[in-house]
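Visitor: There's a structure below that I have some questions on.
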Amino acid sequence: MAAGPRSLAPDLDHRLHPELDERARQLPAMEKAIAYRLQFLKSLIDPDPRHHRDLIDELLRADIPLQTLAIHLLCPIATELGNYWCSDDADFMQVAVASTRLSNVVNHLTHAGPQPLLPPSAKRILLAHSQGTRHTLGVTLVRMCFRDLGWVVDGGADLEIGDPMYMRLSSKPYHLLGLSIGQLEEAQDCTEAINRSRQDSVTRSTRIAIGGAAVLAHPQEFHHTGADIVASSALDVIRLAEHATG
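No gaps in the numbering here: position 2 of the sequence shown is 630 in this note's numbering, and each next residue is one more.
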């Protein structure tokens with residue numbers, strides 16, 4: 629690569645309020661998604677599980693595109709829950725239960741409704757995560773966004789970086805490989821995975837993006853891994869899709 633990786637690293641304000649970003653403001657039904665934030669957060673923490681279950685049905689009826697829900701509702705809520713954990717605004721069990729509920733909501737929204745029939749010309753992405761990734765919510769959100777954008781999405785929360793991933797890469801061409809890295813100590817493993825992924829002739833034109841908890845916390849430590857894009861927020865999903873073959 630002639631140039632270094634494109635680094636996309638919004639600050640905390642942009643993760644909590646992606647509407648501050650010009651590109652995010654272009655997503656359809658943005659205002660409708662934002663209007664659910666407070667109600668959604670309260671329902672996740674509420675001891676009564678019926679509230680967040682009812683909200684799932686309401687979100688489905690609201691007919692908000694999945695990528696808009698991911699960028700303007702689900703990701704800000706996930707960031708807020710992380711803030712609760714760090715600032716002790718909620719106890720361990722509250723945050724743990726809320727995080728589990730959020731993952732269930734994302735999975736439900738991802739699989740609700742008819743799955744689109746994609747043309748053979750649709751772009752393809754393979755998603756995988758490192759062994760040290762403790763939470764795969766981010767991977768699931770990325771999967772949801774790309775499917776909503778009309779991509780064929782393989783892998784995800786159930787695919788770990790390793791031989792099964794390399795076998796998939798060599799079996800068919802992908803426009804993009806997305807790797808989620810959970811621990812800073814896995815930076816070298818990330819570099820090795822990227823190098824190995826580029827060895828096959830099928831994958832030499834595949835662009836590689838990395839993200840995840842470790843990349844979010846220490847982006848500078850991943851700039852020399854060989855990735856094309858070092859991503860630090862779900863909003864980057866939109867940019868990845870736009871630049872995947874650029």
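From the three backbone atoms N, C-alpha and C, an ideal C-beta is built for every residue, glycine too.
Please say whether I692 and A652 have beta carbons closer to each other than 8 Å?
Guide: no
Visitor: Please say whether V725 and H680 have beta carbons closer to each other than 8 Å?
Guide: no
Visitor: Could you tell me the alpha carbon to alpha carbon distance between H846 and G839, rounded to whole angstroms?
Guide: 10 Å
Visitor: Is DSSP giving V830 helix, strand or coil here?
Guide: coil
Visitor: Under 7 Å Cβ to Cβ from A706, same chain only, skipping five residues before and after it: list those, please.
Guide: Excluding residues within five positions, the ones whose Cβ falls inside 7 Å are L730 and L765.
Visitor: Can you tell me whether F720 is buried or exposed? The criterion is at least 16 other CB atoms within 10 Å of its CB, across all chains shown.
Guide: exposed
Visitor: First and last residue of the beta strand (DSSP E) that includes L797?
Guide: Per DSSP, L797 belongs to no beta strand (DSSP E); it is in the alpha helix (DSSP H), D791 to S799.
Visitor: Please go through the same chain and pick out, in chain order, the residues whose beta-carbon is closer than 6 Å to the beta-carbon of L694, but skip the five residues on each side of it.
Guide: The residues M772 and D776, in chain order, have a CB closer than 6 Å to that of L694 in the same chain once the five nearest residues on each side in sequence are set aside.
Visitor: Just the Cα atoms here: how many angstroms apart are G784 and D676?
Guide: 30 Å
Visitor: Would you call the region 743 to 752 in contact with the region 823 to 833, where contact means no fewer than 3 C-beta pairs closer than 8 Å?
Guide: No: the two stretches stay apart, fewer than three of their Cβ pairs being nearer than 8 Å.
Visitor: Would you kindly check if the distance between the Cβ of T768 and the Cβ of Y802 is under 8 Å?
Guide: In terms of Cβ geometry, Y802 and T768 do not form a close pair [threshold 8 Å].
Visitor: Just how far apart, CA to CA, sit D649 and R832?
Guide: Roughly 32 Å separates the two Cα atoms.
Visitor: Looking only at its chain, what residues have a beta carbon closer than 7 Å to the beta carbon of T853, apart from the 5 residues adjacent to it on each side?
Guide: A815, C818, T819, I822 and I838
Visitor: Could you give the residue range of the beta strand (DSSP E) that holds H757?
Guide: R752 to H757
Visitor: Does G784 come out as helix, strand or coil in the three-state DSSP assignment?
Guide: strand
Visitor: Below 8 Å between beta carbons: does that hold for I857 and L844?
Guide: No. Outside cutoff.
Visitor: Spatial neighbours of R762 within its chain, please: C-beta separation below 8 Å, excluding the five flanking residues on both sides.
Guide: G810 and A841
Visitor: If we ignore side chains and look at the alpha-carbon of each, how far apart do A690 and R824 end up?
Guide: When only Cα atoms are considered, A690 and R824 end up about 44 Å apart.
Visitor: Taking DSSP's pairing of strands, which residues face R835 in a bridge?
Guide: Paired residues: L804.
Visitor: Count the other CB atoms, across all protein chains shown, that sit within 10 Å of the CB of S727; report buried if there are 16 or more and exposed otherwise.
Guide: Under this definition S727 is a buried residue.
Visitor: By the 10 Å Cβ neighbour count, where 16 or more other Cβ atoms means buried, how is P646 classified, buried or exposed?
Guide: buried
Visitor: Quick check on DSSP: helix, strand or coil for P675?
Guide: Of the three classes helix, strand and coil, the one that applies to P675 here is coil, per DSSP.
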